[in-house]
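Residue numbers (the working numbering): 1127 to 1274.
From the three backbone atoms N, C-alpha and C, an ideal C-beta is built for every residue, glycine too.
Beneath this line is the structure, given in C-alpha cells, with notes to follow.
Below, the structure is given as C-alpha cells:
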C-alpha cells in the first residue's frame, strides 16, 4: 500500500495578481491536501470533484510552502479520508512535470519535505477525536507518537 498526497493550491485572484505575490503574504495561499491511496479502482473520465473525498473531516493549520522559498503564507487544509486511485493512474501522475516548456524536465516525484517542527502552531480539526497527536519533530520521523 502506497499513500501519496495531492496539493490543490489556491490564492485570491482579486487580492493578488499572481501566485508569487500571494506566496509572499501571510494567509496569501490556501492548500487542500488530499491523500491518494493506491488501489485497483480506476476513474472513468476525469472529473475534478473526484479529487475531494466525500468525508467532510479535515485538519487545518497555518504553515509554510513545502518547496522553496518555504514562505509562511499557507492555510493548510488536510482532508482526513484518502481517495482511491488506480495504480496505473498513479504511475501516470508521477510522469507529470514541474517544469514549463523549454526548461530542463523535472518530474513530479520524490518531492517531499522531511518532518518539520510544529513551531507552536495550533492544528485544529473539524471532527471530534479522543487522542492528541504529538507532532514534535524528532531526528527520525518514526519516533513521533500518538498519546492517549
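Residue of the options minimising C-alpha distance to residue i
i: residue 1178; options: 1163, 1187, 1191 and 1189; result: 1163
i: residue 1137; options: 1143, 1183 and 1155; result: 1155
i: residue 1208; options: 1142, 1135 and 1161; result: 1161
i: residue 1135; options: 1190, 1249, 1242 and 1250; result: 1190
i: residue 1221; options: 1206, 1253, 1174 and 1237; result: 1237
i: residue 1130; options: 1245, 1252 and 1235; result: 1235
Rounded Cβ spacing between residue i and residue j (contact assumed at less than 8 angstroms)
i: residue 1247; j: residue 1188; result: 6 angstroms
i: residue 1232; j: residue 1224; result: 5 angstroms
i: residue 1165; j: residue 1217; result: In fact, because the Cβ distance is near 13 angstroms, the residues do not count as touching under 8 angstroms.
i: residue 1153; j: residue 1201; result: 6 angstroms
i: residue 1253; j: residue 1206; result: 7 angstroms
DSSP three-state assignment for residue i, whether helix, strand or coil
i: residue 1219; result: helix
i: residue 1213; result: helix
i: residue 1132; result: strand
i: residue 1251; result: strand
Endpoints, beta strand (DSSP E) assigned at residue i
i: residue 1156; result: 1155 to 1165
i: residue 1188; result: 1184 to 1189
i: residue 1200; result: 1200 to 1205
For residue i, the first and last residue of its enclosing alpha helix (DSSP H)
i: residue 1148; result: 1145 to 1149
Validate contact between the region 1181 to 1199 and the region 1129 to 1149 using beta carbons, cut 8 angstroms, 3 pairs: yes
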